[in-house]
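Notes follow once the structure below has been shown.
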Amino acid sequence: MATLSPTSFTKNFNSSVDFPITSFQTFAIFGPKLKTEQTHFRLSTSFKGNRRVVDFENTTTVQTSLFTLTGVRTGSRLELKAMKESPGLTQKLDKNRLDRLTESENGCDLFQHLKHRFLRFKKHKFEENLGHFQNLAEGQAPKFMIIACADSRVCPSVILGFQPGEAFMVRNVANLVPPFEGGPSETNAALEFAVNSLKVENILVIGHSRCGGIRALMSMQDEVDSSSFIRSWVIVGKNASLNTKSAASHLGFDQQCKHCEKESVDHSLLNLLTYPWIEQKVAKGELSLHGGYYDFVDCTFEKWTLDYKGSNLGKNSRLPVKNRFYWC
């Protein structure tokens, strides 16, 4: 990018000058400096009243420290309105408008990326599997419900390859499940719909490495700041934190957090059983509860299943599990 030098106007009503210019349709120029890509064109100019008319082969911007110019391209003619302003005011307007322009352009770039991703999805996924998506439009029957963290680094569809229609998902801070007696929340509302209406057969709670929510839980003092939404939420995992501090007190803080990341998953599995309609289906073998742990540092995944039958839940310090696998 280059900066245009200030240009002063004279009363030469028929002149030809070279200007560094850029191409665009409608623009407003404020102040003495503007960053732009440079291309040199020869312009023939003349004044008509208070308008300066510029004949050119392509669009151009003209910069001056004494005037604010606003122009619109029509055909091969650019008409510029000149309005005198003080240099100080012009510079202030210039900075504010350029800041807003930069923000706008950055936002557009981000959404242009999303647009291209969506159009690729439409072409290579939706249109190539049109029958499948038409069936999904009529209803859903997922086999899984996933409870995962809202962390941007943890995306179950990417990690485990879930396709549209395969998993009903809810994501929250630290992938916590509040107990039944804790009252309504978006998480247990999703549980009620998934279990009672969609009839999912598996609930998978996924914890992960370096979880900020678990770190906040482990850092929390006994007195809870009621004004913090995060603290009010992560207190759901307080028992997992207490168990961790008891079992892993000899470890450093980072290792304690990693221990709690897994402990909180087991704690959430126990909380799932406080919902009468969940425990009833688990007891009948209609619903299975699973825990998972994704380590994005070395890309490994650990999976285990709650062993409900024949277990003494709540009477042992450790959660009875089966089918524990380590994928790496």
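Numbering (our numbering), first residue to last: 1464 to 1791.
Even glycine gets a Cβ: it sits at the ideal position worked out from N, Cα and C.
Predicted model, so just to flag it, every value in this text is computed and none were measured.
| Check | Outcome |
| --- | --- |
| Buried or exposed: which applies to Q1719, given that a residue is buried once 16 or more other Cβ atoms fall within 10 Å of its Cβ? | buried |
| By the three-class DSSP mapping on this structure, what secondary structure does E1440 have? | Within the shown structure, residues of the chain are numbered from 1464 to 1791, placing residue 1440 beyond reach of any answer. |
| For the stretch 1629-1643 against the stretch 1612-1621, do three or more pairs of beta-carbon atoms, one drawn from each stretch, fall closer than 8 Å, so that the two count as touching? | yes |
| Would you identify the three-state DSSP class for V1525, choosing helix, strand or coil? | Note that V1525 scores 45 on pLDDT, short of 50, meaning its location in the model is unreliable; the coordinates nonetheless yield the value given after this. DSSP places V1525 in coil when its eight states are reduced to three. |
| Go to D1717, then tell me how far its alpha helix (DSSP H) extends in each direction, as first and last residue. | F1716 to L1735 |
| Across the stretch 1748-1757 and the stretch 1691-1710, are there enough close Cβ pairs to call them in contact, namely three or more that are closer than 8 Å? | no |
| Given a threshold of 16 other Cβ atoms within 10 Å of its Cβ, counted over all protein chains shown, does A1657 qualify as buried or as exposed? | buried |
| Helix, strand or coil for E1548 per DSSP? | With a pLDDT of 47 at E1548, under the threshold of 50, the modelled position of this residue cannot be trusted; read the value that follows with caution. Reduced to three states, the DSSP call for E1548 is coil. |
| Got a sec, what are the start and stop residues for the beta strand (DSSP E) M1681 sits in? | From DSSP, M1681 is part of no beta strand (DSSP E) but of the alpha helix (DSSP H) over G1675 to S1682. |
| Using only CA atoms, which one of E1629, V1728, A1630 and G1602 lies nearest to C1674? | V1728 |
| Check whether the Cβ atoms of F1596 and H1671 sit closer than 8 Å, and answer yes or no. | no |
| To the nearest angstrom, how far is the alpha carbon of L1740 from that of N1659? | The residue you asked about is not Leu; residue 1740 is Trp in the sequence shown. When rounded, the distance between both Cα atoms is 8 Å. |
| Taking just the CA atoms, how far does D1761 sit from T1650? | 29 Å |
| Which residue wins for smallest C-alpha separation from K1772, given the options I1622, R1787, G1676 and G1748? | G1748 |
| Whole angstroms are fine: how far does the CA of K1606 sit from the CA of Q1792? | What is shown of the chain runs 1464 to 1791, which leaves residue 1792 out entirely. |
| For A1611, write down the residues that DSSP places opposite it in a beta bridge. | R1634 |
| Which residue wins for smallest C-alpha separation from H1730, given the options I1698, L1750 and G1715? | I1698 |
| Within this structure, are the beta carbons of H1722 and L1714 separated by less than 8 Å? | yes |
| With DSSP as the reference, label E1601 as helix, strand or coil. | helix |
| Leaving aside the five residues before and after A1630 along the sequence, list all residues of the same chain whose C-beta is less than 6 Å from its C-beta, in chain order. | P1605, F1607 and I1609 |
| Counting C-beta neighbours from all protein chains within 10 Å, is the total for Y1789 16 or more, i.e. buried, or is it exposed? | exposed |
| Could you tell me the alpha carbon to alpha carbon distance between A1653 and I1677, rounded to whole angstroms? | 22 Å |
| Going by DSSP, what residues sit across from E1649 in a beta bridge? | None, per the DSSP bridge assignment. |
| Buried or exposed, going by whether 16 or more other CB atoms sit within 10 Å of the CB of E1591? | exposed |
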